[in-house]
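Trainee:
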Amino acid sequence: MKEFISLIIIIIFTGVIYYAIGPVAKKVEGHKFIPNHHFTYSDIPPLKLKGNVAKGKALVFGAGACIGCHSIKSVGIAAPMSPVMAAKTYGVVPPDLSDAGVLYSPKFLAAYIANPVKAMLLQHRYNAKNGKVFPMPAFAGAGGNKQQEIADMVAYFKSIAFTKKISPKTAFVDSCGRCHAIRFDKWTQIGFIPKFKNNLQKLKFELKVTQYQKALKKYKGSLPPDLSTILESRNKHFVEGFMENPQNYIKNTAMPRVGVTAATANQIEKYLFQTSNPEHAQRESLGRGIMIYLFIFAFFAYLWKRSIWKDLH
Amino acid sequence: MAHFTKATSLHDWMNQRLGIDTVRRVMATEYWIPKNINFLWAMGMVLAVTFAMLLISGLFLLMYYQPNIHLAFDSVNDVIMRQVPFGWLFRDIHAVAASIVFLVIYIHMLTGIYYGSYKKGREMIWISGMLLYVAFSAEAFSGYMLPWGQLSYWAGTVITDLFSLGSLHAEWLLHWIRGGYTPGQPFLDRFFALHVVLLPLLVIGLIGLHFGALRIPHVNNQEGEEIDFEAEAKKYKSGDKKGSKVIAFANDFMSKDMFVVGVYLIFFFYLVLFHNGFALDPINFIPANPMHTPASVEPEWYFLWSYDILRGFSTNVGLIAFAFAQGIFFVFPFLDRSPNAKPASKRGIFFLWFWILVIDMTGLTIMGKLPPEGMYREVGVMFAYIFIALFIILPFITKFEKKV
Numbered sequence: 013m014k015e016f017i018s019l020i021i022i023i024i025f026t027g028v029i030y031y032a033i034g035p036v037a038k039k040v041e042g043h044k045f046i047p048n049h050h051f052t053y054s055d056i057p058p059l060k061l062k063g064n065v066a067k068g069k070a071l072v073f074g075a076g077a078c079i080g081c082h083s084i085k086s087v088g089i090a091a092p093m094s095p096v097m098a099a100k101t102y103g104v105v106p107p108d109l110s111d112a113g114v115l116y117s118p119k120f121l122a123a124y125i126a127n128p129v130k131a132m133l134l135q136h137r138y139n140a141k142n143g144k145v146f147p148m149p150a151f152a153g154a155g156g157n158k159q160q161e162i163a164d165m166v167a168y169f170k171s172i173a174f175t176k177k178i179s180p181k182t183a184f185v186d187s188c189g190r191c192h193a194i195r196f197d198k199w200t201q202i203g204f205i206p207k208f209k210n211n212l213q214k215l216k217f218e219l220k221v222t223q224y225q226k227a228l229k230k231y232k233g234s235l236p237p238d239l240s241t242i243l244e245s246r247n248k249h250f251v252e253g254f255m256e257n258p259q260n261y262i263k264n265t266a267m268p269r270v271g272v273t274a275a276t277a278n279q280i281e282k283y284l285f286q287t288s289n290p291e292h293a294q295r296e297s298l299g300r301g302i303m304i305y306l307f308i309f310a311f312f313a314y315l316w317k318r319s320i321w322k323d324l325h
Numbered sequence: 004m005a006h007f008t009k010a011t012s013l014h015d016w017m018n019q020r021l022g023i024d025t026v027r028r029v030m031a032t033e034y035w036i037p038k039n040i041n042f043l044w045a046m047g048m049v050l051a052v053t054f055a056m057l058l059i060s061g062l063f064l065l066m067y068y069q070p071n072i073h074l075a076f077d078s079v080n081d082v083i084m085r086q087v088p089f090g091w092l093f094r095d096i097h098a099v100a101a102s103i104v105f106l107v108i109y110i111h112m113l114t115g116i117y118y119g120s121y122k123k124g125r126e127m128i129w130i131s132g133m134l135l136y137v138a139f140s141a142e143a144f145s146g147y148m149l150p151w152g153q154l155s156y157w158a159g160t161v162i163t164d165l166f167s168l169g170s171l172h173a174e175w176l177l178h179w180i181r182g183g184y185t186p187g188q189p190f191l192d193r194f195f196a197l198h199v200v201l202l203p204l205l206v207i208g209l210i211g212l213h214f215g216a217l218r219i220p221h222v223n224n225q226e227g228e229e230i231d232f233e234a235e236a237k238k239y240k241s242g243d244k245k246g247s248k249v250i251a252f253a254n255d256f257m258s259k260d261m262f263v264v265g266v267y268l269i270f271f272f273y274l275v276l277f278h279n280g281f282a283l284d285p286i287n288f289i290p291a292n293p294m295h296t297p298a299s300v301e302p303e304w305y306f307l308w309s310y311d312i313l314r315g316f317s318t319n320v321g322l323i324a325f326a327f328a329q330g331i332f333f334v335f336p337f338l339d340r341s342p343n344a345k346p347a348s349k350r351g352i353f354f355l356w357f358w359i360l361v362i363d364m365t366g367l368t369i370m371g372k373l374p375p376e377g378m379y380r381e382v383g384v385m386f387a388y389i390f391i392a393l394f395i396i397l398p399f400i401t402k403f404e405k406k407v
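In C-alpha cells, the structure reads:
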C-alpha cells in the first residue's frame, strides 16, 4: 500500500510539472491562440456571377493579357522566359495557370484578378506611399461588365484544370515551390535537382538556383525559408493558419496570402509531413510490435519475481 | 605461480584462469541486499538500463552524425531521421532517454534524501551520485549543441556566457571555452569531443565508483534499520530465506528490479514512439543562424529549477546563488546533523523540510518556464529565497532532532 502511495505521489508531481511547463506555460507566454477559419476567406465576397468558359478563354488569350507572362502548360502555352530570367524581371516566376482553377479558391482568384495586392494582403509592401508596384497589374476590364469578365476567366481556369485531384507534391510545388525550397526532397525554387552527368552540369544548375534566389531575395527582402522541417519547428495549426492568412501570425511579412482551397492546403500539409516524417508508417507498425513485446516482457518479469519471492516472504 | 590442472570443462578452464565462480558469488549470489525495500530501490537499475540505451543509441547516431557546422543539422534531421533505416528510432530513443534519465535521477536523489541514505558511512554513495548528476548535466548540455539548430547555437551562447563570471569580465575564459568570440566550428568540435569521449568515460567511471561505494556500507532499507549482514547472510545460506533480513542481489533483488524495469520500459517506449515532442524543442528544428535570435531560449525542463534561481537575482548575485544551488547538494550529508539515519516520516520536522524542498523545487521548475515578469518573477524569487533558506536552516533543525 505504501509502495502504491509513493508511486501515486511521483506520478502527481511529474504530471503537475509536465502540464505546468507544457500547455500552461505556453498559454501564459502569450502564445495567443489564433483561430483558423478553414480557408473560407470571409473578407472576400462570394462569386455570384456565372462565368462563360468560351468568353473567359478569349479574355485570357486576348484582352486579359495573361499569357504575356504566365504559362498554361495544359493547353500548350509555354513560359515566355526561363525561371532565372523571369525572377530577374518580376522577382519570382509567374505561376503556371494550368491548375489555378483547382488550387485556389474561385472567389479568391476573382478577387486576385481584380486587385492582386489587396487579395494577397500585401498593401504594406505595395502602396502609393512607397511607390512600389506589384509586378502583376490589376485587371482593368475589357470594355464590358468587369465583374462578369472576371467570372468568365475564373470559369475558364476551372474548366482547364486537368487534374481535379491535385497530388500532395504538385500542390506544394505549384502553390509554395516558387519561393520555398525543400532540400530534404531535393526541391529548389526552379525545380527538382536532377541527376548530373558531370560536375559542370551540377555547377550550371547551382548557378541558376543561386541567381534565382538572389533575385527572389531582392524581391522579398529576405530569402523565404526552406520548409523541410517547418512542421517540426512550428506545428500543424500554425502552418495552416499561416497559409490562410500570414498577416495574422507575422505582421507585415512579405509572404502573401496565397488563397489555396482547404483541399489544396490539406495536400500541401500532407507533402510537408511525408517529407519530414517518412518513417511514420513504420513507426506505427513497429511501435505496436515493440509495445506488445514490452507488455509480455513485463508480464514474464512479474511471474519470475513472484516465483523467486514466494520463498523469501 | 598458481597451479593449473587439466580442465574438465570450459567452465573449469575459465574458472581456473578468471575465477568466474568467485566473481559470480561476490557480485551476485552472495552480494546481500536488505529485504525490506520498495520499488524505489530499483531506480538504480532503471538508470543503468537508461544509460545503456543512451550508450547504444548514441553509438549508432555517432556512425552517421557529422560534427561540422554546415552538415550537422542535416546529418541529424535528414540523414539519421529520414535515410538511415531505424535512424529515427535511435534518435528518438536518445532524445527521450536524455530527458527521462533526469526524471529518474531526481526520483533517485529525493528517495535518497527521504530515507537518509547518505548517512552513517553512506556519504561517498551520495557524493559519487552527485558527481554523476553533474556529469550527466554536462553530457545533456553538450549533446544539445550537436544538431546545430537555433537552440544549440543560442543556448550555447547563453550558457557559455555564464563563464565570463559577471562583473569579473573574464572574457578570456569565455573565449577559451568557446574556441572563438562566438560559437562556431571549434565550439561544435569541442562539445562533440566532450559528448562522445570524455564525458561518457567519466560517467562510466563514476558509475563504477557509485557501485563500489555501496559495497561496504550496503544498501539502505525502508526503515533505516541497521542490519548485521553477516549474521543475516548466514541465516539465508542455511536455508532460512523467509527469516533472513537479506536477499541475494541475483536472482532475488534482480527479479524485482527486472519487473520494475519492465513497467518502466512500457512507459519509456510509449514516449519514444508516440509522444516524443517534449524531448525535442521545436526551435532546434531551425538551422543555427547567428544573425537571428529566437524569441525564447529556454533550458530543458531538468535545468529549470537552477535556471530560475540564476535569473531571479542581479547578474552577480544570481551567479553566486546558482553556484550555491548546484554545489549545496554535494555537502548534504554534512549539513544533516541528525543522529538518525531513518526515513523522513520518523524524523519530525525534517519530514516537513523534505516536502517543502520538493514543492519548492517543483515551483522553481514551473517558474523557470514562465516569463520572468510581474508575479511570476516575484514568486520565482520567493521560491529561490526559500531554497537557500532551507539549506541554511537544515543543520540547525537536524542538530536538535531527537534520537529515535
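Quick note, the sequences are listed as chains A and B, same order. The first sequence: position 47 = 59 (the working numbering), numbered continuously. The second sequence: position 95 = 98 (the working numbering), numbered continuously. By construction, the Cβ of each residue, glycine as well, lies at the ideal position given by its N, Cα and C atoms.
What does the alpha-carbon distance come out to for the pair residue 234(B) and residue 39(B)?
Mentor: Roughly 16 Å between the two C-alpha positions.
Trainee: Does any residue of chain A have a CB that is nearer than 8 Å to the CB of residue 286(B)?
Mentor: It does; some Cβ of chain A falls within 8 Å.
Trainee: Does the stretch 181–193 of chain B come within contact of the stretch 97–112 of chain B, defined as at least 3 CB pairs closer than 8 Å?
Mentor: Output reads no: the stretch 97–112 of chain B does not touch the stretch 181–193 of chain B.
Trainee: Listing by chain order, which chain B residues have their CB less than 9 Å from the CB of residue 307(A)?
Mentor: In chain order: 265 and 269.
Trainee: Report the rounded CA-to-CA distance for residue 269(B) versus residue 6(B), giving the unit in angstroms.
Mentor: Cα to Cα, the separation comes out at about 50 Å.
Trainee: Taking the alpha-carbon of residue 401(B) as reference, which of 338(B), 236(B), 255(B) and 372(B) has the nearest alpha-carbon?
Mentor: Checking every option, the nearest Cα to that of residue 401(B) belongs to 338(B).
Trainee: Listed in chain order, which residues of the stretch 367–385 of chain B have Cβ atoms closer than 7 Å to some Cβ of chain A?
Mentor: Answer set for the stretch 367–385 of chain B: 368, 369, 372, 373 and 374.
Trainee: Assess contact between the stretch 187–201 of chain B and the stretch 56–74 of chain B, defined as three or more Cβ pairs (one per stretch) separated by less than 8 Å. Is contact present?
Mentor: Yes, since at least three Cβ pairs between the stretch 187–201 of chain B and the stretch 56–74 of chain B fall closer than 8 Å, the two stretches touch.
Trainee: What did DSSP end up calling residue 351(B) once you bin it into helix, strand or coil?
Mentor: In the structure shown, residue 351(B) sits in coil (DSSP, three-state: anything other than H, G, I, E or B).
Trainee: Is the number of C-beta pairs between the stretch 339–350 of chain B and the stretch 278–293 of chain B that are closer than 8 Å three or more?
Mentor: No: fewer than three Cβ pairs fall under 8 Å.
Trainee: In the DSSP assignment, what are the bridge partners of residue 251(B)?
Mentor: Residue 251(B) pairs with 35(B).
Trainee: Give the straight-line distance between the Cα atoms of residue 290(B) and residue 115(A), rounded to the nearest whole angstrom.
Mentor: Each residue's alpha carbon lies about 31 Å from the other.
Trainee: Relative to the C-alpha of residue 87(B), which residue among 65(B), 267(B) and 105(B) is closest?
Mentor: Nearest C-alpha to residue 87(B): 65(B).
Trainee: Relative to the alpha-carbon of residue 223(A), which residue among 197(A), 95(A), 28(A) and 23(A) has its alpha-carbon at the smallest distance?
Mentor: Here the closest residue by C-alpha is 95(A).
Trainee: Measure how close the beta-carbons of residue 297(B) and residue 153(B) come, nearest whole angstrom, since I'm counting them as under 8 Å.
Mentor: With 8 Å as the limit, residue 297(B) and residue 153(B) qualify as a contact, their Cβ atoms being about 5 Å apart.
Trainee: Considering only the alpha carbon of each residue, which of 98(A), 68(A), 292(A) and 123(A) lies closest to residue 54(A)?
Mentor: Closest option to residue 54(A), Cα to Cα, is 123(A).
Trainee: Can you have a look at residue 296(A) and say buried or exposed, based on whether 16 or more other CB atoms are within 10 angstroms of its CB?
Mentor: That one is exposed.
Trainee: Can you list, in chain order, the residues of its chain whose CB lies under 7 Å from that of residue 3(B), leaving out five sequence neighbours each side?
Mentor: Missing from the structure shown is residue 3(B); chain B here goes from 4 to 407 and no further.
Trainee: Can you pull out the residues from the stretch 288–299 of chain A whose beta carbon lies closer than 9 Å to at least one beta carbon of chain B?
Mentor: Those would be 288, 289, 290, 291, 294, 295, 296, 298 and 299, in chain order.
Trainee: Closer than 8 Å, CB to CB, is residue 314(A) near chain B or not?
Mentor: Residue 314(A) counts as touching chain B.
Trainee: Between residue 138(B) and residue 205(B), how many whole angstroms is the CB-CB distance? I'm expecting something under 8 Å.
Mentor: Between residue 205(B) and residue 138(B) the Cβ distance is about 5 Å, and since that is below 8 Å, they are a contact.
Trainee: Kindly list the residues whose CB is nearer than 8 Å to the CB of residue 178(B), restricted to its own chain and excluding five residues on each side of it in sequence; keep chain order.
Mentor: Excluding positions up to five away in sequence, the list reads 184.
Trainee: How big is the Cα-Cα spacing for residue 311(B) and residue 368(B)?
Mentor: Cα-Cα distance, rounded: 7 Å.
Trainee: Applying a beta-carbon distance threshold of less than 7 Å, which residues of chain B neighbour residue 136(A)?
Mentor: What residue 136(A) touches in chain B: nothing, since even the nearest Cβ is about 21 Å away.
Trainee: Strictly by DSSP, which residues pair up with residue 157(B)?
Mentor: DSSP output for residue 157(B) lists no bridge partner at all.
Trainee: Tell me, please, whether the CB atom of residue 217(A) is closer than 8 Å to any CB atom in chain B?
Mentor: With 8 Å as the cut-off, residue 217(A) does not count as an interface residue toward chain B.
Trainee: Tell me the DSSP bridge mates of residue 200(A)?
Mentor: Beta-bridge pairing links residue 200(A) to 203(A).
Trainee: In chain B, which residues lie less than 8 Å from residue 34(A) when you measure between Cβ atoms?
Mentor: Going along chain B in sequence order, the residues near residue 34(A) (Cβ under 8 Å) are 281.
Trainee: Tell me the rounded alpha-carbon separation between residue 85(B) and residue 379(B).
Mentor: Distance between the alpha carbons of residue 85(B) and residue 379(B) is about 41 Å.
Trainee: Can you find the residues in the same chain that come closer than 7 Å, C-beta to C-beta, to residue 286(A), ignoring five residues on each side of it along the sequence?
Mentor: Only 180 meet the Cβ criterion.
Trainee: To the nearest angstrom, report how far apart residue 406(B) and residue 330(B) are at their CA atoms.
Mentor: Going from the Cα of residue 406(B) to the Cα of residue 330(B) covers about 29 Å.
Trainee: Between the stretch 239–256 of chain A and chain B, which residues of the former have CB atoms less than 9 Å from a CB of the latter, in chain order?
Mentor: Cβ contacts with chain B come from 240, 241, 242, 243, 244, 245, 246 and 247.
Trainee: Tell me the DSSP bridge mates of residue 70(B)?
Mentor: Partner(s): none; residue 70(B) has no beta bridge.
Trainee: Helix, strand or coil for residue 272(A), going by three-state DSSP, please let me know.
Mentor: Three-state result, residue 272(A): strand.
Trainee: Using a beta-carbon distance cut-off of less than 9 Å, what residues from the stretch 31–52 of chain B approach chain A?
Mentor: Per Cβ criterion, the list reads 38, 41, 42 and 43.
Trainee: According to DSSP, simplified to helix, strand and coil, what is residue 290(B)?
Mentor: Strand at residue 290(B).
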